[in-house]
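These notes are about the structure you will find just below.
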RNA sequence: GUGGGCGUAGUUCAGUUGGUAGAGCCCUGGAUUGUGAUUCCAGUUGUCGUGGGUUCGAGUCCCAUCGUCCACCCCA
């Protein structure tokens, strides 16, 4: 036997036991998206490397060491997308979708980052994102947050997640604040840990978010961003809070909430949980008005979020008592004897043609009736349909309910048709 | 990139101071020659992650390597 080939580290198979959960979550998201008037957009998984460098920021960890970058045959540098917003903005500009008009869009799909895998973090991971273009006010910020809150509700996630909010201000006030912060930390340089000294160069705002206990004291006395917020951003933020309050959405203001990606400004938010180990953020987003001109478009407002599918599903699996119901077959057709085996495929196909919504599994491969019944039961079928020599001779089919106490019946084909129809209409 | 835990059947795991590799579940067949989910009986399943070393003898001890999980960094 030759060597087994394994999947790549951090890139997992979603097996049927798991895909039930994925389908359930995705069905809810799709329903919500259309309920709020968002349309799906599907940009490619690969883009020019330059796109991510320009949008995410040259000096971020993602761009510096986590991207799957390779050279195409013609020498272009290409990259597997590490996040969804950049490609989405590129597509929207290229397609002319935000030329003098607004758009509400959503996307889903795999993202790639070369990081060490751990709980809730993988090299190929799935994000679901929503982006709104051309809306400058806090109403749309509120709408996006409400969509996520609505999603948790539909998924039965009534506790364990909290909403954190912050404002990063406009670029000018953020730059001013950044200067003050750098000055503050430089005056306490000796007290900083190694990570914080490094962040002082790369992303000083991140120091505020340090997990190191040693940093708690020094961070407490650091200048507060809220004191440096420009009037417009302050007003925007206050109105967002009022909207959320009127909708009964609880939130916490977290002045240390900073986004890793360069393009954010004004509103930022995160949904966090303490039930997933080190990966507490299941959904994060914010406003990025500056990104579109950065990618060559005309000045335009933009706001969006992304949620991590694996993290959300992990959390749901810890919270829900039972997995969502699988779409088990309505009927399982058992075949016994040569005559039945010869006709089985055609009979099953005819039933599916007549009843398009019927979920019918055909027993393939023969075996004893007993073992065929076992299969029917294990697949979760509502009824077993029995076709043997007797049935072929009398042009009937045996109909045995497996989930309720009812006698087995011998039915003609037209009786079978109406029984199956009842079964289909009987669900939900 | 850094640190720690763990690798034994499809799966969950046991395996004594080093002495011929086990159990539950799953699966297959039978008890019932055409009736599942309960019960009883029988049966299949292994490069003990891989390579090397110590030893009369290694799943067990040592070294290396790979994989995996968790954490740091960073992020959804």
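Residue numbers (the numbering used here): 822 to 1249.
From the three backbone atoms N, C-alpha and C, an ideal C-beta is built for every residue, glycine too.
- Counting every other CB atom within 10 Å of its CB across the protein chains shown gives residue 1234 a total below 16, marking it as exposed.
- According to the DSSP assignment, residue 1005 belongs to the alpha helix (DSSP H) that extends over 992 to 1008.
- Residue 1093 carries a strand assignment under DSSP once its states are collapsed to helix, strand and coil.
- Distances from the alpha-carbon of residue 846 to those of 1218, 1121 and 976 put 976 closest.
- Fully contained in the region 917 to 1004 are the following alpha helix (DSSP H) runs of length 4 or more, in chain order: 959 to 975.
- For residue 1108, the three-state secondary structure derived from DSSP is strand.
- Out of 1148, 1184 and 891, the CA that lies nearest to the CA of residue 1164 is found in 1184.
- Counting along the chain, no beta strand (DSSP E) covers residue 1078, and no H or E run does either.
- Annotation: the continuous alpha helix (DSSP H) that includes residue 1066 extends over 1052 to 1067.
- In the displayed model, residue 1204 falls within a strand according to three-state DSSP.
- Nearest C-alpha to residue 922 among 894, 954, 907 and 1247: 954.
- Distance from the Cα of residue 1114 is smallest, within the candidate group 866, 941, 899 and 914, for 914.
- Within the same chain, and ignoring the five residues on either side of residue 1158 in sequence, the residues whose Cβ sits closer than 6 Å to its Cβ are 1209 and 1210.
- Taking a cut-off of 8 Å for Cβ pairs, the region 1065 to 1084 and the region 978 to 998 touch, as three or more such pairs fall below it.
- Per the coordinates, the alpha-carbon of residue 873 lies some 29 Å from the alpha-carbon of residue 857.
- In this structure, the CA atom of residue 1080 is about 54 Å from the CA atom of residue 1242.
- Counting the other Cβ atoms within 10 Å of the Cβ of residue 897 gives fewer than 16, which makes it exposed.
- Pairing residue 1200 with residue 1025, the inter-Cα distance amounts to about 56 Å.
- Judged by beta-carbon spacing, residue 1065 lies within the 9 Å limit of residue 966, meaning their Cβ atoms are closer than that value.
- From the listed residues 832, 1187 and 1068, the smallest Cα separation to residue 940 is found for 832.
- Shown here, residue 1141 sits in coil according to DSSP, grouped into three states, outside any helix or strand.
- The C-beta of residue 1216 has fewer than 16 other C-beta atoms within 10 Å across all chains shown, which makes the residue exposed.
- In the structure shown, residue 1122 falls within a coil segment according to DSSP collapsed to helix, strand and coil.
- In the three-state DSSP reduction, residue 1146 falls in the coil class, being neither helix nor strand.
- Around the beta carbon of residue 1151, 16 or more other beta carbons lie within 10 angstroms, which makes this residue buried.
- Counting C-beta atoms within 10 angstroms of its own C-beta, residue 1089 has 16 or more neighbours from the protein chains shown and is therefore classed as buried.
- Residue 1207 and residue 1221 have their C-alpha atoms some 8 Å from each other.
- Following the DSSP letters along the chain, one finds residue 868 inside the beta strand (DSSP E) bounded by residues 867 to 869.
- For residue 891, the uninterrupted beta strand (DSSP E) run begins and ends at 889 to 892, by DSSP.
- Around residue 912, the same chain offers 862 and 864 as residues with beta carbons nearer than 7 Å, after the five sequence neighbours per side are excluded.
- The region 1005 to 1022 and the region 1084 to 1101 do not touch, with fewer than 3 CB-CB distances between them shorter than 8 Å.
- Under a 10 Å Cβ-count criterion, residue 1057 is classified as buried, with 16 or more other Cβ atoms of the shown protein chains found around its own Cβ.
- Residue 1166 has its alpha-carbon roughly 14 Å from the corresponding atom of residue 1175.
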